[in-house]
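Here this note's numbering is used: position 187 in the sequence shown is 208, and no number is missing along the way.
Think of the CB as a built atom: it goes at the ideal place given N, C-alpha and C, for glycine as much as any other residue.
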Amino acid sequence: MHDFNRPKRNLPREIYNTEAYDDLEEFYDDQTKLQIYTDRGIYRPGQRVQYKVIMLTRDPSTGQNIVFSKANKYFKSWMADNEPLLELKDPNYRTVDSIKLVPDDYGSFSGSFVIPKNAMTGQWSIDGDVIDGDNGYFKVEEYKRPTMEITMEKPAEGPLPGEPFELKLKVKSLSGADLNRVKITYQIIRESNYFGNAPYINPIVTDTIGYTDEKGLLVIKVNDVNLPKKILIPIRNGLSLTGYQPQPQKPLAKPPARITHSAYLHGRSRSTFRQ
Numbered sequence: 022m023h024d025f026n027r028p029k030r031n032l033p034r035e036i037y038n039t040e041a042y043d044d045l046e047e048f049y050d051d052q053t054k055l056q057i058y059t060d061r062g063i064y065r066p067g068q069r070v071q072y073k074v075i076m077l078t079r080d081p082s083t084g085q086n087i088v089f090s091k092a093n094k095y096f097k098s099w100m101a102d103n104e105p106l107l108e109l110k111d112p113n114y115r116t117v118d119s120i121k122l123v124p125d126d127y128g129s130f131s132g133s134f135v136i137p138k139n140a141m142t143g144q145w146s147i148d149g150d151v152i153d154g155d156n157g158y159f160k161v162e163e164y165k166r167p168t169m170e171i172t173m174e175k176p177a178e179g180p181l182p183g184e185p186f187e188l189k190l191k192v193k194s195l196s197g198a199d200l201n202r203v204k205i206t207y208q209i210i211r212e213s214n215y216f217g218n219a220p221y222i223n224p225i226v227t228d229t230i231g232y233t234d235e236k237g238l239l240v241i242k243v244n245d246v247n248l249p250k251k252i253l254i255p256i257r258n259g260l261s262l263t264g265y266q267p268q269p270q271k272p273l274a275k276p277p278a279r280i281t282h283s284a285y286l287h288g289r290s291r292s293t294f295r296q
């Protein structure tokens, strides 16, 4: 059994003890944070940014991230005391827009912000006013005429949780020619609902770089080893990528052309299958 009265020096701050915190309410307040995701990594002025937020805290016994929601008896009073906001901030960290943060029963909140048409280019962010957020950064850039297109071939049937699958990306120039050795930066994010105080699983499945072959094809093999195979809720995997068109081997006055793409792959729930 965990001893909350162990000396503070022997426990990390992520685990509750009576020397570091007056009570559990103070512990949950100190450990609360936001996990923030946007549907893309790059936008143009005037475009809409779709976001999803998951409110997290830590298990007082293990220090593991858990969802902070109505299932926690301190959640209601914490929300009343803090009245948190979600804010859209420009590269100068000035608040451009905000909305009251009201998570659902699963600790999640989703919506959108519209980037002003006269927006400053650079790195923007979505963050909480009283809670720190992770991963809420994105870029705003002026429109650049695309010179290539990316298409994706999904599996014929959505995979079961924990089941490996493949995604095939095809890159072509707008003239129809295949483009080889195109650099693709991609991120695959798992989306699901978390119940009660269930352990929170990092939704980033992979975040890496690949290159197309001589036919302009990149095969992405996904094996979500962190997802329990017997999970009984449906999983949705989101793919966000940026392709960089290859350039001649000489100094350039401006960066290479690129294109962004995002898509979702809906998985099946094991609750409809016999174990």
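query = Helix, strand or coil: how does DSSP classify residue 122 here?
reply = coil
Residue burial classification, residue 269 (beta-carbon count within 10 angstroms, cutoff 16) = Because residue 269 sits at a pLDDT of 46, beneath the cut-off of 50, its placement in the model cannot be relied upon, and the following sentence gives the value as read from the coordinates. Classification for residue 269: exposed.
request  = Please name the residue in 244, 91, 84 whose C-alpha comes closest to that of residue 183.
outcome  = 244
request  = Name the residue from 233, 74, 134, 124 whose alpha carbon lies nearest to the alpha carbon of residue 118.
outcome  = 134
query = Buried or exposed: residue 217, going by 16 or more other Cβ atoms within 10 Å of its Cβ?
reply = Model confidence at residue 217 stands at a pLDDT of 49, short of 50, so the residue's coordinates are unreliable and nothing is read from them.
query = What residue range is occupied by the uninterrupted alpha helix (DSSP H) comprising residue 47?
reply = 45-52
inquiry  = With distance defined between alpha-carbon atoms, name the residue in 234, 63, 65, 99 nearest to residue 54.
reply    = 99
query = Taking just the CA atoms, how far does residue 191 sit from residue 170?
reply = 8 Å
request  = Take residue 162 as the anchor and find which of 65, 59, 39 has the nearest alpha-carbon.
outcome  = 65
ask   = Between residue 237 and residue 56, what straight-line distance do the alpha-carbon atoms span, to the nearest angstrom?
value = 34 Å
request  = Let me know if residue 70 comes out buried or exposed under the rule of 16 or more other beta-carbons within 10 Å of its beta-carbon.
outcome  = buried
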